[in-house]
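Below is one structure, written out as C-alpha cells; comments come after it.
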Amino acid sequence: MSGRLVRVGYAQTLHYLLFGVRAVQFRCSRPALGARHWPVFGVPGQSVALTIDDGPHPEWTPRMLDLLARHRIRATFFLVGARVRERPDLARRILAAGHVLGNHSMSHPQPFAALPAPSVRTEIAATQREIEDATGVEPRLFRAPGGNWSRDVLRATAESGLVPVDWTVNPSDWRSPGVDRITRSLCRSRAGHVLLCHDGGGDRSQTVAALEAALPRLLDRGLRFVIPAAAGR
Numbered sequence: 001m002s003g004r005l006v007r008v009g010y011a012q013t014l015h016y017l018l019f020g021v022r023a024v025q026f027r028c029s030r031p032a033l034g035a036r037h038w039p040v041f042g043v044p045g046q047s048v049a050l051t052i053d054d055g056p057h058p059e060w061t062p063r064m065l066d067l068l069a070r071h072r073i074r075a076t077f078f079l080v081g082a083r084v085r086e087r088p089d090l091a092r093r094i095l096a097a098g099h100v101l102g103n104h105s106m107s108h109p110q111p112f113a114a115l116p117a118p119s120v121r122t123e124i125a126a127t128q129r130e131i132e133d134a135t136g137v138e139p140r141l142f143r144a145p146g147g148n149w150s151r152d153v154l155r156a157t158a159e160s161g162l163v164p165v166d167w168t169v170n171p172s173d174w175r176s177p178g179v180d181r182i183t184r185s186l187c188r189s190r191a192g193h194v195l196l197c198h199d200g201g202g203d204r205s206q207t208v209a210a211l212e213a214a215l216p217r218l219l220d221r222g223l224r225f226v227i228p229a230a231a232g233r
C-alpha cells in the first residue's frame, strides 16, 4: 500500500474519531479551552464563540458582516488563503468591522491530515503570508480544513505560533439542510460552546437566514459572543 493511501486511511479514521470527541465536548459542563497540542473546543464564562469558515466570498461575506453588525456580535473568520488572494478587500473589511481573522489553510485540501508534514506547514505558512499581506495582521488562530487534526497538523500549528481551534456545535450548514434545521442546531448552543458556520464554499443563504433567527435567541439567553483563546484582544 502506498504512503499516500496509508495517510488517507489514517486521516479518515481520525475524522470519525473526532466526531466522538466533539460529542463528548458538547456534553461537557465546560468544553476544553485547548493547549499547545490540543485544540480549543470551548470558551470561558457565560459566553459562546461564533466561527465562520471558508471565505471570504464576494456575496456571502458582506451579508454575514451586515448581519453581525446589526446584532453587535464579534466573530472569528477562518479564511482560505487562495480566497484572500482573490479578494483582499474583503479580508480588510472583516478586520475593519472588528472581527478576528484566522488561518484555514491555503487551498482547503481534504483530508488535511493525509498531507505530508511539509505540505501541512506550507499550507499554513502560505495563508499566514496572504492574510498578513492583505491586512497587515498576522493570524493567531488556525482551524484545520474539515477539523481534520493529527499529530503532524497540531505540531505544525504550534510551530507556527498558532492556537488550534475546533468546535462543539456544527449545524452542517455547508450541506444546506434547511434554515429550520440549521437554526435548531445553533439554538442548542450553551455557555462554553464554539459554533461553526460558513460564508464560503457554496450558496450560504440558508446560513445567513438561520443566523438571523438564532442570534437574537442566543443573546436573549444572556450569552456573550467572544473570540476563542482570547486572540486579537
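Per full-length UniProt numbering, the very first residue in the sequence shown carries number 1; after that it's consecutive.
Note that CB positions come from ideal geometry on N, CA and C, so glycine has one too.
One Cα belongs to P31, the other to D166, and the distance between them is close to 11 angstroms.
A residue is called buried once 16 or more other Cβ atoms fall within 10 Å of its Cβ, and V169 is buried on that count.
Distance from V48 to A191 at the Cβ level is roughly 7 angstroms; contact confirmed, criterion being Cβ atoms closer than 8 angstroms. Non-local C-beta neighbours of I182 in its own chain, meaning closer than 7 angstroms and more than five positions away in sequence, comprise P171, D173, Q206, T207, A210, ordered along the chain. Here the C-alpha atom of C28 lies approximately 29 angstroms from the C-alpha atom of G9. Counting only runs of at least 4 residues, the stretch 45-99 fully encloses the following alpha helix (DSSP H) elements, listed from N- to C-terminal order: 60-71, 81-86, 88-96. Spanning the alpha carbons of T76 and P118 requires a straight line of approximately 27 angstroms.
Rounded to whole angstroms, the separation of the alpha carbons of G20 and D54 is 23 angstroms.
Per DSSP, reduced to three states, the secondary structure at C28 is coil, with no helix or strand assignment. Beta-carbon to beta-carbon, G102 and L141 are separated by about 4 angstroms, close enough to satisfy the 8 angstroms threshold. The Cβ atoms of V120 and D152 sit closer than 8 angstroms to each other. Look at V179 here: in three-state DSSP terms it is helix. A straight line joining the alpha-carbon of V137 with that of I131 spans about 7 angstroms. For H57, the closest alpha carbon among the candidates I227, A96, G202, T135 is that of G202. With a contact defined as Cβ atoms closer than 8 angstroms, S189 and L218 qualify at about 6 angstroms. Counting only residues of its own chain and dropping the five nearest sequence neighbours on each side, P39 has a CB closer than 7 angstroms to the CB of W149, P164, V165, D166. Within the same chain, Cβ atoms closer than 8 angstroms to the Cβ of A11 are found at P111, F112, A113, A114, N148, S150, the five residues on either side in sequence being excluded. With respect to the 8 angstroms criterion, I73 and M64 are not classified as neighbours on the basis of their beta carbons. In the structure shown, W167 falls within a coil segment according to DSSP collapsed to helix, strand and coil.
Rounded to whole angstroms, A82 and V226 show a C-alpha spacing of 27 angstroms. For L195, the uninterrupted beta strand (DSSP E) segment begins and ends at 194-198. When the Cα atoms are used, T135 and E86 turn out to be separated by approximately 13 angstroms.
Looking from the CA of S160, the closest CA among F26, G200, V80, R36 belongs to R36. Residue pairing for L141: DSSP places it in a beta bridge opposite V163. F41 is positioned such that its CB atom lies closer than 8 angstroms to that of V194.
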